[in-house]
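**Q**
4 protein chains.
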Amino acid sequence: MKKLKVVTIGGGSGYTPELIDGFIKRHADLPVTEYWLVDIEAGREKLEIVGQLAQRMVKKAGIPMTVHLTTDRREALKDADFVTTQIRVGQLAARINDEKIPLKYGVLGQETTGPGGFMKAQRTIPVLLDICKDMEELCPDAWMINFTNPAGIVTEAIAKYSPIKSLGICSGANNMMMDVAKAYGVERSAVTARIMGLNHLIFADRILLNGNDTTADFIEKLAQGTGTNKLKNVPDIGLSPDFIRALKLYPLSYLKYFYLNREMVEHELEDQKNGGTRGERSLEIEHALLELYKNPELCEKPAELSSRGGALYSDTACSIISSIYNNKHEVHVVNVPNQGTTPDLPDDAVIETNAVIDKLGAHPLAYGRLPVRIRGLIQSVKAFEELTVEAAVTGNTDAALLALVNHPLVPSVDIARHILNDYLAANRDFLPQYAF
Amino acid sequence: MKKLKVVTIGGGSGYTPELIDGFIKRHADLPVTEYWLVDIEAGREKLEIVGQLAQRMVKKAGIPMTVHLTTDRREALKDADFVTTQIRVGQLAARINDEKIPLKYGVLGQETTGPGGFMKAQRTIPVLLDICKDMEELCPDAWMINFTNPAGIVTEAIAKYSPIKSLGICSGANNMMMDVAKAYGVERSAVTARIMGLNHLIFADRILLNGNDTTADFIEKLAQGTGTNKLKNVPDIGLSPDFIRALKLYPLSYLKYFYLNREMVEHELEDQKNGGTRGERSLEIEHALLELYKNPELCEKPAELSSRGGALYSDTACSIISSIYNNKHEVHVVNVPNQGTTPDLPDDAVIETNAVIDKLGAHPLAYGRLPVRIRGLIQSVKAFEELTVEAAVTGNTDAALLALVNHPLVPSVDIARHILNDYLAANRDFLPQYAF
Amino acid sequence: MKKLKVVTIGGGSGYTPELIDGFIKRHADLPVTEYWLVDIEAGREKLEIVGQLAQRMVKKAGIPMTVHLTTDRREALKDADFVTTQIRVGQLAARINDEKIPLKYGVLGQETTGPGGFMKAQRTIPVLLDICKDMEELCPDAWMINFTNPAGIVTEAIAKYSPIKSLGICSGANNMMMDVAKAYGVERSAVTARIMGLNHLIFADRILLNGNDTTADFIEKLAQGTGTNKLKNVPDIGLSPDFIRALKLYPLSYLKYFYLNREMVEHELEDQKNGGTRGERSLEIEHALLELYKNPELCEKPAELSSRGGALYSDTACSIISSIYNNKHEVHVVNVPNQGTTPDLPDDAVIETNAVIDKLGAHPLAYGRLPVRIRGLIQSVKAFEELTVEAAVTGNTDAALLALVNHPLVPSVDIARHILNDYLAANRDFLPQYAF
Amino acid sequence: MKKLKVVTIGGGSGYTPELIDGFIKRHADLPVTEYWLVDIEAGREKLEIVGQLAQRMVKKAGIPMTVHLTTDRREALKDADFVTTQIRVGQLAARINDEKIPLKYGVLGQETTGPGGFMKAQRTIPVLLDICKDMEELCPDAWMINFTNPAGIVTEAIAKYSPIKSLGICSGANNMMMDVAKAYGVERSAVTARIMGLNHLIFADRILLNGNDTTADFIEKLAQGTGTNKLKNVPDIGLSPDFIRALKLYPLSYLKYFYLNREMVEHELEDQKNGGTRGERSLEIEHALLELYKNPELCEKPAELSSRGGALYSDTACSIISSIYNNKHEVHVVNVPNQGTTPDLPDDAVIETNAVIDKLGAHPLAYGRLPVRIRGLIQSVKAFEELTVEAAVTGNTDAALLALVNHPLVPSVDIARHILNDYLAANRDFLPQYAF
């Protein structure tokens, strides 16, 4: 049997059973022979808990796949075929800082949108580029599949600074199409749509139901509130019907952080007082999940897992890996360098859009000009992202300040300065690239 | 059973049995219920011969498809779902003029490349735009699939001047991939490649054999002459090995008209003396085919048909129509407006490239910059094509002269003038748009 | 003597004596023979006061120029050579509404930046396009020179919707270069700079002092606060030195509305409580100026005029008109369609940048890519501007809502909706294009 | 007195007295204090003859400028302010080969257009890049002004491969405007025009006579043959009136090599039989000029000099140097990197167009899309030029072959191969970059 080795960095994550479940279900199509879970020393306990559940799941499924647990990343990477990453440098404690610091200044405190995304990128990009360096040595032809947030920004960093083949993936678009399917009472597979934007900043049009254009109808459903443009991990504050109708596009729920910024900040401040930020609540959920996982009788993905946002990640990831492995030429939504897909963004900017996936990678579908009604927002967030990548790679504080100043949700240079100072102070241990 | 009505304009063509054969083979997938063959009064005899063969073929296949023959185009178009065109305004006699007139001046005389393509476009575009006008009235949602040459130029005219949905198709890319398959002794389906260029001016790279990149290896095969970059309807004059290696791309055989222009012109002049131009030989082949078709015992596509270039047309056409009809999201090579696929050509220029085909049409894969080693040729032929479309739609003789002057194979303004004058004189009956 | 007829629409403006002064000083170079001041009936009293001062100024100067006062716009436009506009539809009362309504919602209330610019454009563009229509009939070859704010947006509307030749001008860049001159103790003429951006959103680099590059030095002066990046009509709240150093560009003072948005809104709210908005204070200044102008002994531009922002307008306008009239090929900063000057904005977007001015108009200098540190802001404001133009021309409330939502200083869709509703209610009399 | 040191490499050229004459006439404006003429050892005799004439001319003019003659390039370059180049590697003997070899194969044999330009670039670019290397060390802030042909190609090589500031200049545009002036009986200074294209491949529109648009009128003059679109060094074979009217642009005479290629080749073959190629005739003219220069009584530019094409070079060069030196912001036609001037060519492609010249260099005026009627030709020649630069810098024979194949005047790959082989064999001594 031909070896097919998959490595997941950040394997101790509570999401891992989703991935295992995906590899088990698709085994006929994607016959993984070795599956390696890697985590850092500080995550060893979680790695053991999650890894043993994984082993029980595989055993029950009765497939010829071995599950390996290790804190030696290089051992795992040796001759790998696919490397998935789902790391959280600084763990949930760092995320909670990411959220609370901007909120001190009345600015959105969110994991990936706003200053939080900047800070997460600063911690994460150096680690991912280190992994890429190892891969160049140990498995230079392997694919890196990033589930790690902020997915678009980290993918741009890798595309610009490493020769390793990589794709950034996110379940957001899948979620949107699932919501369309629910609205019409059809299977997810009956729905396709054209997606354009940046990670967590995407819009759909050309929504097809079994190939028939249902875009205008679905937009009207959304406007009337009978559509369900909700992601589980985004508070449910609705966009007004007249705005939806004017926009004529289906926005990902994360767009509310931009379109209803003032309301979302107030909402977060309220949350912080009552029960904590999303990061704090995630911490509780993760503890609860790990308790469940410890049960030696459990040998499948527990239902509770899906109560945490991101349940479609597994499906998204496994189907994309399979499309590469099997040279399927399927169309998926991924994060890839623009390379002319739209002339309204730089060629080397990473965008999230539809692409044909084959053995050579992702080939985005030409899109043309962005509609003016979303163009400015996408372009201004992309400028923030480019500066964020530059800061993360160089540790240049000018670039860092300019990144925050350029974020559309940061209301002044002086507030940007305060947030940056607090962020750097709180993250010294995770920022080798910065001079302190 | 749901109606699925397909109309073929120019149905009396000798190629039609190929198409019929394709629709019969794919009937499970593409259940055509009515198939209409349309031709002009002058082609009635051919229409009868070909149409009766079609009817015998369908009868033998035992599928629920009716075959209709008519010279009333509007009757046929009523409520059609797909309209394919394979017209030859002025018939082969006009083609022979197209070839002989440039040769008088020592300039390439070829059906689609060089001045011949210009002249064919002048006759053809007004007729196709007329058909589009009828379609707007009688079947506004139908797709027009053009097999009519020059396929890229006429598709550009329709895309610019008509709201009718259309695609231009050609078997060239399919032929190239078939040759790759032959070179490796594999099935055609094992081969994919990335194609870029203009109709009859395409280049392949990223040639995959079961998903593995075999581009460099195949280029070397081509250079060593063990590859088979031959199209049946193009004389076999080889490109030199060192040029193939320098080019690092797999060119369609038609490229010889550019890369070996002087030799090809000499070859054509020789042909003209001995046995006639390709048009003259086609005339003989067509007569022979029609004689075969008359045989009332014949109820399948005769083997002799494939001796005429273009045998893969049928497969190309039927699989693309099926991909639209069934919303398959397959990747095919088609002629579509550039719309940013490459920034090196205008957005509204029609190019020939890989596209995902679904119910909404063709969505080309973003390509980025053209390699400099083919960029200039593609751009200069595109300028010729744009001016050719402008002349064909307006009948403006300035545009016509500029089109010919801009063709890279026309060696002077004065020769362009002579060819244009002779062409206009010989084609008065087919040029309603020009003032005489 | 050859006729040279200049018309100023909005001639009753308190600024007019600046213009008159400019035409008098440049009479040798730009021999205006007829100067027409036009105003609406409601402005007749101001027109008389200002116009009589103008007549006294010309008389004192002893030049052969006649000054005409009229409320008949068409009489004035007949055979004009240059038409300058400085209109304020709804007068200062409308401006005060423009400022106060956003402030109700905690959003910047400013004449041209933020929602105020949107609203002013909605009132102004229909009137300017009406003037253009008259010009097509009465003086089709005349140039329209717009001093009317928002200068970039109205120029874009005219460029997109009228064949009349027009330029938008603003004294902002001149002010910046004057400040450089002051910082170095040299004449204004010793300073040149490269300017890029949108009206009231420009940045300078390549700052030359007698041809020598002093950019880095001046940026450091700015950072150290010894430079004077102040416009008289913008509150003096400084940008932090580290931001100036990171930006490495010299921003127009109006950029503070973006870079210090939160502080500027607080400042405006304070102003509103103590002594009124800028519009309210302008009302007082205008009254005082008109009182001065009434003095029949006054026959020159009073010194008090320059206490109101915009004193360099006259010099900017007259030198540009002279450069056109005399085919001088001088370089000036103007508002013109992009047409490829930077690929980061649409070709038909109006930008403010350096251009060679000759008899055919303004020819901007190719700029290339925008620096990423200002790119996103410029692109997002341009998207707002495009939608603002669309709304102003069509009266489409979807476009109007999308324009406000796209402004980077508007923090939510719902606030955009409130501002729009209040604005439309307050401006019904000036919005013939909207359905009420 | 402030030092102003100008160096001319290739100072022994027969053109040098033109340059000296220019510097003398402009001395008030451009007070050159040291003028150095440099040549190679093989050119020492010519350098002495020309240099002594130069010294006599300066002496007669009575200006404080010293003229130095040397074969030590590095001595001359030390602390230079401007370096002009007018070199001819391999001298006229090499040019004659450049012409004769293509003619053997029935292909245009011309100094700069066609294969000749390719070959001249291969010899010249390595030498110019060597000079740039010396300049980096000895005068890193100096400007290099290239009169050396092929001016566009060599300027592209320097812009891509050296940090030295450089401009490529040519008298072609000046000649065109002089011809306009003659056609209207006005001074050269009364004429301006917009120029776009590549060196020796330019087109004019927006032709202004004292600021008034006379384009259409002049085109008609050209068509009627009363205009004088002749350059002294291009044979006078006229373009047909209907083509000129269709083109609606004023082409440089060199365009005849493209628009009348077949006729020009025949003309050259005839010339070769009767009296020799242009290079052979130039050799005679040069001998004659040097004989004249030897006359110790001669102390001004002899009238015979202008009988050789290029008499306006001096004026072009000196006025551009003065515009840089004096920060004049004048508009001149120069060869500069495109950088977005037209989106139809790569950003780093050198084009010939109008630019504002100041102390920082040349700032081209944004042009926008190229007209389709000249776009393809310009783009295809540019592809040839890019490949020519690549070959000249790397000595890669694949690039060299592709360059020749891509030239629109080379009719086949096999002929390209023959020309390349003959060229390389004939130029071995001048091609250090190629492996033999």
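Here the protein sequences come in this chain order: A, B, C and D. Start counting the first sequence at 1; every next residue gets the next number (the UniProt record's numbering). Start counting the second sequence at 1; every next residue gets the next number (the UniProt record's numbering). Start counting the third sequence at 1; every next residue gets the next number (the UniProt record's numbering). Start counting the fourth sequence at 1; every next residue gets the next number (the UniProt record's numbering). We treat Cβ as the ideally placed atom computed from N, Cα and C, and that holds for glycine. Computed from a predicted structure; not experimentally measured.
Can you look up D/V67 in the DSSP assignment and give me helix, strand or coil?
**A** Residue 67 of chain D sits at position 67 when you count from the first residue of the fourth sequence. Correct three-state label for D/V67: strand.
**Q** Compute the Euclidean distance between the alpha carbons of C/H407 and A/R369, then round it to the nearest angstrom.
**A** Within the third sequence, numbered from 1, the residue matching residue 407 of chain C stands at position 407. Within the first sequence, numbered from 1, the residue matching residue 369 of chain A stands at position 369. Roughly 20 Å separates the two Cα atoms.
**Q** For A/P102, count neighbouring Cβ atoms within 10 angstroms of its own Cβ and tell me buried if that reaches 16, exposed if not.
**A** Taking the first sequence and counting its residues from 1, one reaches residue 102 of chain A at position 102. Buried, since its Cβ has 16 or more Cβ neighbours within 10 Å.
**Q** Between the stretch 355-366 of chain B and chain D, which residues of the former have CB atoms less than 7 Å from a CB of the latter, in chain order?
**A** Against chain D - using a Cβ distance shorter than 7 Å - the stretch 355-366 of chain B contributes no residues.
**Q** Taking 8 Å as the threshold (beta carbon to beta carbon), is A/L260 in contact with chain C?
**A** Residue mapping note: residue 260 of chain A aligns to position 260 of the first sequence, counting from 1. Answer yes: the Cβ-Cβ gap between A/L260 and chain C drops below 8 Å somewhere.
**Q** Between which two residues does the beta strand (DSSP E) containing A/L269 stretch?
**A** Within the first sequence, the letter at position 269 stands for residue 269 of chain A. Unbroken run through A/L269 is the alpha helix (DSSP H), N261 to K273; no beta strand (DSSP E).
**Q** Determine the DSSP secondary structure at B/P235, reduced to helix, strand or coil.
**A** The sequence position of residue 235 of chain B within the second sequence is 235, counting from 1. Confidence in B/P235 is poor, its pLDDT being 46 and thus under 50, which makes the residue's placement too unreliable to answer from.
**Q** Which runs of the alpha helix (DSSP H) spanning at least 4 residues fall entirely within the stretch 386-433 of chain B, listed in chain order?
**A** 397-406 and 413-426
**Q** Just to confirm, is the Cβ distance from A/I158 to A/M144 under 8 Å?
**A** Here residue 158 of chain A is taken as the residue at index 158 of the first sequence, counted from 1. Here residue 144 of chain A is taken as the residue at index 144 of the first sequence, counted from 1. Cβ distance < 8 Å, so A/I158 and A/M144 count as in contact.
**Q** Can you give me the C-alpha to C-alpha distance between C/Y250 and C/A204, rounded to a whole angstrom?
**A** Along the third sequence, one-based indexing puts residue 250 of chain C at 250. Along the third sequence, one-based indexing puts residue 204 of chain C at 204. Within the model, the alpha-carbon separation for C/Y250 versus C/A204 is close to 5 Å.
**Q** Between the stretch 372-386 of chain B and the stretch 364-381 of chain D, can you find at least three pairs of beta-carbon atoms closer than 8 Å?
**A** yes
**Q** By the 10 Å Cβ neighbour count, where 16 or more other Cβ atoms means buried, how is C/V331 classified, buried or exposed?
**A** Your numbering for residue 331 of chain C matches position 331 in the third sequence. C/V331 comes out buried.
**Q** Taking the alpha-carbon positions, what's the D/A54 to D/V6 distance?
**A** Taking the first residue of the fourth sequence as 1, we reach residue 54 of chain D at position 54. Taking the first residue of the fourth sequence as 1, we reach residue 6 of chain D at position 6. Between D/A54 and D/V6, the C-alpha separation is close to 14 Å.
**Q** I'd like the ranges of any beta strand (DSSP E) spanning at least 3 consecutive residues and lying wholly in the stretch 80-125 of chain C.
**A** 82-85, all fully within the stretch 80-125 of chain C.
**Q** For the pair the stretch 179-190 of chain B and the stretch 154-168 of chain B, tell me if three or more CB-CB distances fall below 8 Å.
**A** no
**Q** Count Cβ pairs between the stretch 74-88 of chain C and the stretch 124-141 of chain C that sit closer than 8 Å; are there 3 or more?
**A** yes
**Q** Taking the C-alpha atoms as reference points, what is the distance between A/V265 and A/K104?
**A** Stepping through the first sequence from its first residue, residue 265 of chain A is reached at position 265. Stepping through the first sequence from its first residue, residue 104 of chain A is reached at position 104. Taking the straight line from one Cα to the other gives about 11 Å.
**Q** Answer yes or no: does any C-beta atom of chain A fall closer than 8 Å to that of C/G376?
**A** As a working note, residue 376 of chain C is residue 376 in the third sequence. With 8 Å as the cut-off, C/G376 counts as an interface residue toward chain A.
**Q** Taking a Cβ distance cut-off of 9 Å, strictly less, list which residues of the stretch 338-351 of chain B are near chain A, in chain order.
**A** N338, Q339, G340, T341, T342, P343 and D347
**Q** Where A/T341 and B/H363 are concerned, what is the direct C-alpha to C-alpha distance, given to the nearest angstrom?
**A** Taking the first residue of the first sequence as 1, we reach residue 341 of chain A at position 341. Taking the first residue of the second sequence as 1, we reach residue 363 of chain B at position 363. Roughly 11 Å separates the two Cα atoms.
**Q** Just by C-beta distance, which residues in the stretch 203-216 of chain D are closer than 8 Å to chain C?
**A** R206, L208, N210, G211, N212 and D213
**Q** Output, in chain order, the set of chain C residues within a Cβ distance shorter than 8 Å of D/G152.
**A** The sequence position of residue 152 of chain D within the fourth sequence is 152, counting from 1. Ordered by position in chain C, no residue passes the 8 Å Cβ test against D/G152, which lies about 17 Å from the chain.
**Q** In angstroms, rounded to a whole number, what distance separates the CA positions of B/N174 and C/A121?
**A** Taking the first residue of the second sequence as position 1, residue 174 of chain B is located at position 174. Taking the first residue of the third sequence as position 1, residue 121 of chain C is located at position 121. One C-alpha to the other measures close to 56 Å.
**Q** Taking only the alpha-carbon atoms, compute the straight-line gap between B/E111 and B/F436 and give it to the nearest angstrom.
**A** Your numbering for residue 111 of chain B matches position 111 in the second sequence. Your numbering for residue 436 of chain B matches position 436 in the second sequence. One C-alpha to the other measures close to 24 Å.
**Q** With a threshold of 8 Å between beta-carbons, can B/F243 be considered close to chain D, or not?
**A** Your numbering for residue 243 of chain B matches position 243 in the second sequence. Closer than 8 Å: yes.
**Q** To the nearest angstrom, how far is the alpha carbon of B/C132 from that of B/E34?
**A** Here the question's residue 132 of chain B lines up with position 132 in the second sequence. Here the question's residue 34 of chain B lines up with position 34 in the second sequence. Those two C-alpha atoms are separated by around 20 Å.
**Q** Just to confirm before moving on: does the CB-CB distance between B/V67 and B/T16 stay below 8 Å?
**A** Locating residue 67 of chain B in the second sequence gives position 67, where the first residue counts as 1. Locating residue 16 of chain B in the second sequence gives position 16, where the first residue counts as 1. For B/V67 and B/T16, no; Cβs fall outside 8 Å.
**Q** Look at the alpha carbon of C/K3 and the alpha carbon of C/V38, and state the distance between them as a whole number of angstroms.
**A** Numbered from 1 along the third sequence, position 3 holds the residue referred to as residue 3 of chain C. Numbered from 1 along the third sequence, position 38 holds the residue referred to as residue 38 of chain C. Approximately 19 Å, taken between the alpha carbons.
**Q** Give me, in chain order, the residues of the same chain whose beta-carbon lies closer than 8 Å to that of B/L305; leave out the 5 immediate sequence neighbours on both sides.
**A** Here the question's residue 305 of chain B lines up with position 305 in the second sequence. Result list for B/L305: G14, Y15, P17, E18, L289 and A311, in chain order.
**Q** Using the C-alpha atoms, what's the distance from A/T71 back to A/G11?
**A** Reading the first sequence from its first residue, position 11 is the one you call residue 11 of chain A. Reading the first sequence from its first residue, position 71 is the one you call residue 71 of chain A. Going from the Cα of A/G11 to the Cα of A/T71 covers about 10 Å.
**Q** Using the rule of at least 16 other Cβ atoms within 10 Å of the residue's Cβ for burial, across every protein chain shown, is B/R428 buried or exposed?
**A** Against the second sequence, residue 428 of chain B aligns to sequence position 428. The residue is exposed, with fewer than 16 neighbouring Cβ atoms inside 10 Å.
**Q** For the beta strand (DSSP E) containing A/E34, name the first residue and the last one.
**A** Sequence index remark: in the first sequence, residue 34 of chain A carries index 34 (1-based). Unbroken beta strand (DSSP E) run through A/E34: E34 to V38.
**Q** If distances are taken between C-alpha atoms only, which option among D/M65, D/F23, D/P432 and D/M196 comes closest to D/V393?
**A** As a working note, residue 393 of chain D is residue 393 in the fourth sequence. Measuring from the Cα of D/V393, the nearest candidate turns out to be D/P432.
**Q** Could you name the residues of the stretch 407-432 of chain C whose beta carbon sits closer than 7 Å to any beta carbon of chain A, in the order they occur along the chain?
**A** P408, P411, S412, V413, D414, I415 and R417
**Q** Run the CB neighbour count on B/L231, radius 10 Å, all protein chains shown included, and call it buried at 16 or more, exposed below.
**A** Walking along the second sequence from the start, residue 231 of chain B turns up at place 231. Only weak support is given to the placement of B/L231: the predicted model assigns it a pLDDT of 47, under 50, and the value that follows is read from those uncertain coordinates. Buried, because 16 or more other Cβ atoms sit within 10 Å of the Cβ of B/L231.
**Q** Contact defined as beta carbons within less than 8 Å: I believe C/V95 pairs with C/G279. What is the distance between those atoms, to the nearest angstrom?
**A** In the third sequence, residue 95 of chain C corresponds to position 95, counting from 1. In the third sequence, residue 279 of chain C corresponds to position 279, counting from 1. The sequence as given places Arg at residue 95 of chain C; Val does not occur at that position. Right, the Cβ-Cβ distance comes to about 4 Å (below 8 Å), so this counts as a contact.
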